[in-house]
Each structure stands twice: as structure tokens, then as C-alpha cells.
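Enquirer: Would you mind keeping the following structure in view while I ask a few things?
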Amino acid sequence: MSRDEQLKQRWDTLVDILSKRFADGDMLDLDAIIYLIGVQELGKLKKKFKKDEKINLMHIAICRLLEPYGYYEFSFFDEDGWPHYTVKEQLPPLKAGEQSVLMKEAIVNYFLEKGVIE
């Protein structure tokens, strides 16, 4: 199986699992999954978040997801428990489709690491 086929298969499996668990079967999109990862990384699963906090959660998730690729590095937790990252390397200019593939790959790797998918 090619790398692209494997990524697609794992992505579809992951979307199915997360959609059943968090969206009553409605299919979650990429942004929703990034948001869920941000909530997971923050560790405040029961809290209601304001709009600006939701944007910050997505930022946390993106930093965490791209950390293994060398783009970000964890720095510290602030007094409220929010993680902060520093930029190690600027992302190269990517087309929308390339961004989507990179994020899907990073998300799949994240959930492989967490043992949610194989």
C-alpha cells in the first residue's frame, strides 16, 4: 500500500472514530479535529470556551501537531495551564491542498502515538 493510500485509510478510520465519539456520527471536518486536539492538549475537557479561546486551542493543536516536524518547540505552561510554543522554523509556503495533507498526516501521527488508531 502506498503512503498516500495508507494515510487516506488511516484518516478515514480516524474521522469515523472521532465523529462517532464526539459528533453523534456527523462527520467532523479537519478544523473540528484540530479543535479537539487543542482541548486534549490543554486538558480542560469539561470547560466551555469563548470564541477567542477556541482560536487559541486550535493554535495549540497546530503547534503540537507540527512540533515533531521541527516547526515548533514547547516552551512552557502559563499560570492558567495553557501551553506555549516557540517557532523553530517557518513553515514553507504551501498550497491549500498541501497544507491539508500535512495537517492530516500530522493528525494521523498524533493519534497513532496516542494509540487511538493503528
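Count along the sequence shown from 1, add 5, and you get the number used in this note's numbering. Virtual Cβ for every residue (Gly too), placed ideally from N, Cα, C.
Taking 6 Å as the limit between beta carbons, can you name the residues of its chain near Ile1, skipping five residues before and five after?
Expert: Residue 1 lies beyond the stretch modelled for the chain, which goes from 6 to 123, so this question has no answer here.
Enquirer: Look at the alpha carbon of Tyr74 and the alpha carbon of Leu117, and state the distance between them as a whole number of angstroms.
Expert: Locating residue 74 in the sequence shown gives position 69, counting from the first residue. Locating residue 117 in the sequence shown gives position 112, counting from the first residue. Computed Cα separation, rounded: 15 Å.
Enquirer: What is the rounded straight-line gap between the Cα of Leu47 and the Cα of Leu70?
Expert: Stepping through the sequence shown from its first residue, residue 47 is reached at position 42. Stepping through the sequence shown from its first residue, residue 70 is reached at position 65. Rounded to whole angstroms, Leu47 to Leu70 spans 13 Å at the Cα level.
Enquirer: In terms of DSSP beta bridges, what is His89 paired with?
Expert: Locating residue 89 in the sequence shown gives position 84, counting from the first residue. BP columns for His89 point to Phe81.
Enquirer: Taking Lys49 as the reference, which of Lys93, Pro97 and Gly86 has the closest Cα?
Expert: Translated into positions along the sequence shown, residue 49 becomes position 44. The residue with the shortest Cα to Cα distance from Lys49 is Gly86.
Enquirer: With a cut-off of 8 Å on the beta carbons, I'd call Met32 and Val20 a contact; round off their distance for me.
Expert: On the sequence shown, position 27 is the one that residue 32 refers to. On the sequence shown, position 15 is the one that residue 20 refers to. Their Cβ separation, rounded to whole angstroms, is 6 Å, which keeps Met32 and Val20 in contact under 8 Å.
Enquirer: Which term fits Val113, buried or exposed, when burial requires 16 or more other beta carbons within 10 angstroms of its beta carbon?
Expert: Position 108 of the sequence shown, counted from the start, is the residue given in the question as residue 113. That one is buried.
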